[in-house]
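The opening residue of the sequence shown carries number 429 in our numbering; numbering runs sequentially from there.
Data block below; observations after.
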Amino acid sequence: MENYKNALGEFDAAIKALEAKDNASLNIKVSAAMTDGDSCNSELPSVKPNPQLLKQISDIDNLSGIVLVISNIMPKN
Numbered sequence: 429m430e431n432y433k434n435a436l437g438e439f440d441a442a443i444k445a446l447e448a449k450d451n452a453s454l455n456i457k458v459s460a461a462m463t464d465g466d467s468c469n470s471e472l473p474s475v476k477p478n479p480q481l482l483k484q485i486s487d488i489d490n491l492s493g494i495v496l497v498i499s500n501i502m503p504k505n
């Protein structure tokens, strides 16, 4: 669960980077969110996960991928 919270925190930081037009930080923060989501998935077999949590982790991964694609086509500073 801690990794899930970390992923959400990385998205908050990514939004700030986007507002600052800091594409490098945006990519780093979104990539970190993806890593945190993957880590959370890796830990889930040791507990009985809530299906809603599994969907939210999947949503984080999908959203992260979309944001990375968009950020890579944005003009560089």
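Every residue, glycine too, gets a C-beta built ideally from N, C-alpha and C.
Small disclaimer: the values here were computed from a predicted structure and weren't measured.
Minimum C-alpha distance to residue i - residue among the options
| i | options | result |
| --- | --- | --- |
| Leu496 | Ser459, Asn431, Glu447, Lys444 | Ser459 |
| Lys483 | Ile456, Asp466, Lys457 | Asp466 |
| Phe439 | Ser474, Gly493, Asn469 | Gly493 |
| Lys504 | Ile488, Pro477, Asn451 | Asn451 |
| Ser453 | Pro479, Ala461, Ala442 | Ala442 |
Three-way DSSP call (helix, strand, coil) for residue i in this model
| i | result |
| --- | --- |
| Asp450 | coil |
| Lys444 | helix |
| Met502 | coil |
| Pro473 | helix |
| Asn478 | coil |
Residue i burial status per 10 Å Cβ neighbour count (16 or more: buried)
| i | result |
| --- | --- |
| Asn490 | exposed |
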